[in-house]
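Novice: Before we start, here is the structure in question, set down as structure tokens.
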Amino acid sequence: MKREYFENEIGEAYVKAVHSSGLEIYILEKPQYNSAYAVFGTRYGSIDTCFKVDGETVTVPEGIAHFLEHKLFESEEGDAFTRFAETGAYANAFTSFDRTCYLFSCTDKFYENLDILLDFVQSPYFTEQTVKKEQGIIGQEIRMYDDSPGWRVMFNMLMAMYHNHPVRIDIAGTVESIAEIDYDLLYKCYNTFYNPSNMFICVAGNVDTEKILNKVKNGLKPREEVILERITTDEPENVVENYVEQSLAVAQPMFCLGFKESHKSPERSAKEKIRTALAIEVIAGEASPLYARLVNKGLINDEFSSEYFNGFGYAAVTFDGESSDPKAVAEEIKAEIERIKTEGIDKKLFSAVRCGMYGGAIRMFNNVESIAMQLTDCAMTGNGLFDDIKYLKSVTAEDVYKKILKIDTENFVLSVINPKE
Amino acid sequence: MPDKILKLGEGVEGLFIKNTRFNTTRISANFYLPLNAETVAEYALLPFILTTCSKKYPDFSRLNYKLNRLYGASLDASAEKYGDYQLLRITLSVINDRFSLDEESLARRGAELLCGLIFEPSTENNAFLKADLDREKRKVIEHIKGEFSEKRVYAKNRLIEEMYKGEAYGLPKCGSIEGVEKITGESLYFAWKKMLETAFVRFHVVGSEVPQGLFEVITEKFSKVQRENIIEPTKTMPTLARTRSKTITENIDVNQGKLVMGFSSEVYGNDDESLSLLIAGDIFGGGPYSRLFSFVREKMSLCYYCSARTIRQKGLLTVESGIEAENAEKAQKAILNQLKIVKAGKFSDFEFESSKKSICDSLKGYNDSQQSIDMWYALKINNDEIYSPEDIAEKISAITREDVIKAAEGIRLHTVYKLLPLEAKESEGK
């Protein structure tokens, strides 16, 4: 296997190995720890509803990646949970916009668990009957999310932000879309996306790199390579509408405000992510004048948070929380961005938040789960695990200022959940 | 493994939990006070107001600027229930000195900052400042109201409220909205004084060493406080069994219903016997190997989620599930039926062994997380001996089927709380 070693000055090091099938393996050893965390993932999420495989263009129902995730836990001999129960490991899986990950964490029998993980993800087993049953279970899950104001406020925003990009659709799909899923479609998607060339394994914790690489080499089932192409959607630069609202059984209004970004390439670089994260801290972080103003005016509480929401073909700077007056919060945020654009960036504040973020990047290495998750980001984007620390050292106030200049305060969506009655 | 407990004052303890694997040092201040209706709201507000401003950092922006400057020191506050007591926590974590370019120790400056927040709040004429008080009161009131928005949290809170009406444990952890509204600058100042004077206090340090001078400063600070009427958090009332269980149904404009159930147990407290109760509860509704997951959720498809939790100290078992309204009765029957099977000892060896393995595996991972290990010792006050997670894992490994059956015997249904969509009301009435 082709290998690369990476290390940095804080004393951490990891290996990236590439198997001949194209599978990427990332391992960071933490010999002082008791536990280990492993992820087997595929670059396949809810946004992959239209793709070209071996020359054929395929469109599939929304929610199928998530559906497949549920189904993979089953096999002819019983479900994967049962097998992990025998070793005592904690196992789970999740589907997001751009990836599906299967994971376990354990303090004992790591290699046995790794065998189980490798095996069940590579052994799809569904029948017409089990697919039918799953439609009922996922239907319940979708209905549960319909009652979740935090989930609704975000998806309402995405639907108002994106005209065509599938990020606007709920990860689990809709009751109607999952009704279209059948046995053949599931296999079609499985065979396309669960090919080693589109997959990765990330491990952090008390493990031995050589042993893992050996296990993986022996545990991979031979598969023919597929030629896969993601079809990018044509997405206009502007948002669909600036304001959306819905009423739910909540005690007070909730909001999500997003500024849509347009860009030429589908993925954001590590540098761009750091710059934007710092820009968000300067605009509305807890040390910022805006944050103090919003709290003192009684407009936000501890639920307030912000994010650089981005993935394949989409990016937005978002702010969310609870407020008695979401529109006033949105106006304050827009005004603050415009103020910084004219007055420039507070250098002292910039240098403090950069220092804070640097500490945060070092803190991340305390936790094997965070490391494994960060490694999956590396696998998805091609960025390095130590890039954040590296860029945090070199990024300047000017870089961050330039990023703030690019935020178009007119190209926004404010999504609000109002209390019923 | 922690060192032995250091006495830093009357009812004030220091505990150093040495662990060299982390990039950070974590310090926590834990204050234990009896839960009661008159004081719950005031005490619960303290950790929050104390971590937003102080004499030295009179506003939030300045404090957060300072935290950023300390390489993103993370400062957290919480008010939790610990049996029939309130646990007020303030924690601070800073990265280790080898990563900083500063000459002065970050841990030492962090420790100083933490002491400043606890002992020198921003006050005037024996009262907290009105602006600070109003802001923090508003935030807590919004937080209390916000619990209604997440129906899973709301349903669980309502169950506990109904189960323990008139008892300390039934109080909401941050008090009621009316209770918070009544707080004045003076009354909060009085509560702060009272906390310093009467709370049982435990300071933890998790990391490679105790920041220089930390325990000495705390000792010195407490030597100036008139420590009296200190109540150790050791007397939590068990959950009393009901002869007939009570059912409460509430209808709200939602799509999906919630069914939560509370059970009392004859086994309670933090002793070995109650570890068997923990296993019983876990076989019933813990991991994916449990009866509730594999039968009620997977085989019968009656709930999207269905799980049980055990609060050993209180002798309390709770079941939470998300249901379609029309399945409410069926789900309740199925859940109770699974409990019957556990009580009769008709669970499989696989379920029994899986439960023990899963709990032991996760206990052995506690030392890999500073938060978990800190919290672990914050919740281990009652024992004469301080047990590590590994000690408990060993005890759990030795538990037999008979122990589990014996512990499960005394589990009784106490209260059922159902949250159902509006339209479900009529069909129920028929």
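Going line by line, the protein sequences match chains A and B.
Okay, so the first sequence: first residue is 1 according to the working numbering, each after it adds one.
Okay, so the second sequence: first residue is 1001 according to the working numbering, each after it adds one.
We put the beta carbon where it would ideally sit given N, CA and C, even for glycine.
None of the values given here were measured: they were computed from a predicted structure.
Quick check on this structure: which residue in A1037(B), D1102(B), L1277(B) has the alpha carbon closest to the alpha carbon of R1412(B)?
Specialist: Position 412 of the second sequence, counted from the start, is the residue given in the question as residue 1412(B). The option with the nearest alpha carbon to R1412(B) is L1277(B).
Novice: Would you say R1138(B) faces chain A, with C-beta separation under 7 Å as the test?
Specialist: For the purposes of this step, residue 1138(B) is taken as residue 138 along the second sequence, with counting starting at 1. Interface residue, yes.
Novice: Please report the residue range of the beta strand (DSSP E) in which M254(A) lies.
Specialist: Within the first sequence, numbered from 1, the residue matching residue 254(A) stands at position 254. From DSSP, the beta strand (DSSP E) with M254(A) extends over 254-260.
Novice: Based on Cα-Cα distance, which residue from V1342(B), F1347(B), Q1332(B), I1392(B) lies nearest to Y1417(B)?
Specialist: By one-based count along the second sequence, residue 1417(B) stands at place 417. Of V1342(B), F1347(B), Q1332(B), I1392(B), the residue nearest in Cα terms is Q1332(B).
Novice: Counting only the same chain and skipping the five closest in sequence on each side, list residues whose C-beta sits under 7 Å from that of F94(A).
Specialist: Indexing the first sequence from 1 puts residue 94(A) at position 94. So the list reads C101, once near-sequence residues are dropped.
Novice: Note down, in chain order, every chain A residue with its Cβ under 8 Å from the Cβ of G1072(B).
Specialist: Along the second sequence, one-based indexing puts residue 1072(B) at 72. C355, G356, M357, Y358, G359, G360, R363, listed in chain order.
Novice: Do the CB positions of R268(A) and N310(A) come within less than 7 Å of each other?
Specialist: As a working mapping, residue 268(A) is identified with position 268 in the first sequence. As a working mapping, residue 310(A) is identified with position 310 in the first sequence. Against a cut-off of 7 Å, the Cβ pair of N310(A) and R268(A) comes out as a contact.
Novice: Identify, in the order they occur along the chain, each residue of the same chain with its Cβ nearer than 6 Å to the Cβ of A80(A), setting aside the five sequence neighbours on each side.
Specialist: By one-based count along the first sequence, residue 80(A) stands at place 80. So the qualifying residues of the chain are F73, F120.
Novice: Does the distance from the C-beta atom of F84(A) to that of A91(A) stay below 7 Å?
Specialist: In the first sequence, residue 84(A) corresponds to position 84, counting from 1. In the first sequence, residue 91(A) corresponds to position 91, counting from 1. The answer is yes: Cβ separation under 7 Å.
Novice: How about S1427(B): is its C-beta nearer than 7 Å to some C-beta of chain A?
Specialist: Here residue 1427(B) refers to the residue found at position 427 when the second sequence is read from its first residue. Because S1427(B) carries a pLDDT of 45, less than 50, the predicted location of this residue cannot be relied on, and the following value inherits that uncertainty. No, S1427(B) lies away from the interface with chain A (no Cβ there is under 7 Å from its Cβ).
Novice: Between the C-alpha atoms of R223(A) and G1083(B), what's the straight-line distance to the nearest angstrom?
Specialist: For the purposes of this step, residue 223(A) is taken as residue 223 along the first sequence, with counting starting at 1. For the purposes of this step, residue 1083(B) is taken as residue 83 along the second sequence, with counting starting at 1. Going by the C-alpha atoms only, they are around 56 Å apart.
Novice: Straight-line CA distance for T1415(B) to G1170(B)?
Specialist: Along the second sequence, read from residue 1 onward, the residue named residue 1415(B) stands at position 415. Along the second sequence, read from residue 1 onward, the residue named residue 1170(B) stands at position 170. Cα-Cα distance, rounded: 13 Å.
Novice: Cβ closer than 7 Å: which chain A residues qualify as neighbours of D1059(B)?
Specialist: Against the second sequence, residue 1059(B) aligns to sequence position 59. Ordered by position in chain A, the residues that pass the 7 Å Cβ test against D1059(B) are A292.
Novice: Can you confirm whether P149(A), when its beta carbon is compared against all beta carbons of chain B, has any partner nearer than 7 Å?
Specialist: Within the first sequence, residue 149(A) is the residue found at index 149, counting from 1. Yes - at least one Cβ of chain B is within 7 Å of the one on P149(A).
Novice: Whole angstroms is fine: what's the gap from V1217(B)'s alpha carbon to S1105(B)'s?
Specialist: Residue 1217(B) sits at position 217 when you count from the first residue of the second sequence. Residue 1105(B) sits at position 105 when you count from the first residue of the second sequence. When rounded, the distance between both Cα atoms is 16 Å.
Novice: Counting only runs of 4+ residues fully inside the stretch 1131-1162 of chain B, write out the alpha helix (DSSP H) ranges in chain order.
Specialist: The qualifying runs do not exist here; there are none.
Novice: Thinking C-beta only, is L405(A) closer than 7 Å to Y243(A)?
Specialist: Within the first sequence, numbered from 1, the residue matching residue 243(A) stands at position 243. Within the first sequence, numbered from 1, the residue matching residue 405(A) stands at position 405. Going by C-beta atoms, Y243(A) is not nearer than 7 Å to L405(A).
Novice: How would you list, in chain order, the residues of chain B whose beta-carbon sits under 9 Å from the beta-carbon of R230(A)?
Specialist: Looking up residue 230(A) in the first sequence gives position 230. Per Cβ cutoff of 9 Å: no residues; R230(A) is ~31 Å from chain B at best.
Novice: Give me the residue from T342(A), E128(A), A277(A) with the minimum Cα distance to C355(A).
Specialist: The residue labelled residue 355(A) in the question sits at position 355 within the first sequence. Ranking the options by Cα distance to C355(A), first place goes to A277(A).
Novice: Go ahead and label E1136(B) buried or exposed: buried means 16 or more other beta carbons lie within 10 angstroms of its beta carbon, across all protein chains shown.
Specialist: The residue labelled residue 1136(B) in the question sits at position 136 within the second sequence. The residue is buried, with at least 16 neighbouring Cβ atoms inside 10 Å.
Novice: Is G1011(B) helix, strand or coil when you go by DSSP?
Specialist: As a first step, residue 1011(B) must be located in the second sequence, where it is residue number 11. In this structure, G1011(B) counts as coil in the three-state DSSP scheme.
Novice: So that I know if they touch, is there some Cβ in chain B lying closer than 7 Å to that of Q140(A)?
Specialist: In the first sequence, residue 140(A) corresponds to position 140, counting from 1. Answer yes: the Cβ-Cβ gap between Q140(A) and chain B drops below 7 Å somewhere.
Novice: How should L1101(B) be labelled, buried or exposed, when 16 other C-beta atoms within 10 angstroms of its C-beta is the threshold for buried?
Specialist: For the purposes of this step, residue 1101(B) is identified with residue 101 of the second sequence, where counting begins at 1. The residue is exposed, with fewer than 16 neighbouring Cβ atoms inside 10 Å.
Novice: Does chain A have any CB closer than 7 Å to the CB of K1430(B)?
Specialist: Locating residue 1430(B) in the second sequence gives position 430, where the first residue counts as 1. With a pLDDT of only 34 at K1430(B), under 50, the local geometry of the prediction cannot be trusted, and the value read off the model is given with reservation. K1430(B) does not count as touching chain A.
Novice: Give a yes or no on contact between the stretch 279-299 of chain A and the stretch 337-352 of chain A, applying the rule of three or more CB pairs nearer than 8 Å.
Specialist: The stretch 279-299 of chain A vs the stretch 337-352 of chain A: in contact.
Novice: Check whether the stretch 377-390 of chain A and the stretch 116-134 of chain A touch, using three or more Cβ-Cβ pairs below 8 Å as the test.
Specialist: No, because fewer than three Cβ pairs between the stretch 377-390 of chain A and the stretch 116-134 of chain A fall closer than 8 Å, the two stretches do not touch.
Novice: Can you tell me the Cα-Cα spacing of T318(A) and L1302(B), whole angstroms?
Specialist: Along the first sequence, read from residue 1 onward, the residue named residue 318(A) stands at position 318. Along the second sequence, read from residue 1 onward, the residue named residue 1302(B) stands at position 302. So the two alpha carbons sit approximately 37 Å from each other.
Novice: Which whole-angstrom value describes the C-beta separation of M161(A) and K260(A), a residue pair presumed to lie in contact below a C-beta threshold of 8 Å?
Specialist: For the purposes of this step, residue 161(A) is identified with residue 161 of the first sequence, where counting begins at 1. For the purposes of this step, residue 260(A) is identified with residue 260 of the first sequence, where counting begins at 1. Rounded, the Cβ-Cβ distance is 5 Å, consistent with contact.
Novice: Classify Y1305(B) as helix, strand or coil using the three-state DSSP reduction.
Specialist: Here the question's residue 1305(B) lines up with position 305 in the second sequence. Three-state result, Y1305(B): strand.
Novice: Could you tell me how far apart the beta carbons of P419(A) and S247(A) are, in whole angstroms, since I believe they sit closer than 8 Å?
Specialist: Within the first sequence, the letter at position 419 stands for residue 419(A). Within the first sequence, the letter at position 247 stands for residue 247(A). Indeed they touch by this definition, with Cβ atoms about 7 Å apart.
Novice: For chain B, find out if any of its Cβ atoms is closer than 7 Å to the Cβ of D108(A); answer yes or no.
Specialist: Position 108 of the first sequence, counted from the start, is the residue given in the question as residue 108(A). Taking Cβ atoms only, chain B reaches closer than 7 Å to D108(A), which makes this a yes.
Novice: Could you check what DSSP says for H66(A) in three-state terms: helix, strand or coil?
Specialist: Position 66 of the first sequence, counting from 1, holds the residue named residue 66(A). Reduced to three states, the DSSP call for H66(A) is helix.
Novice: Sorted by chain position, which residues of the same chain lie with C-beta nearer than 6 Å to G63(A)'s C-beta, five sequence neighbours on each side aside?
Specialist: Stepping through the first sequence from its first residue, residue 63(A) is reached at position 63. These residues qualify, in order along the chain: A172, G173, S177, I178.
Novice: Nearest to D1349(B) by CA position, among T1400(B), R1312(B), S1369(B), is which residue?
Specialist: In the second sequence, counting from the first residue as 1, residue 1349(B) sits at position 349. Nearest of T1400(B), R1312(B), S1369(B) to D1349(B), Cα basis: T1400(B).
Novice: Going by CA-CA distance only, name the one from R1062(B), L1339(B), I1017(B), K1194(B) that's closest to G1285(B).
Specialist: The count along the second sequence starts at 1 and reaches residue 1285(B) at position 285. Nearest C-alpha to G1285(B): L1339(B).
Novice: Specify the secondary structure class of C106(A) as computed by DSSP and reduced to three states.
Specialist: Mapped onto the first sequence, residue 106(A) falls at position 106. Reduced to three states, the DSSP call for C106(A) is strand.
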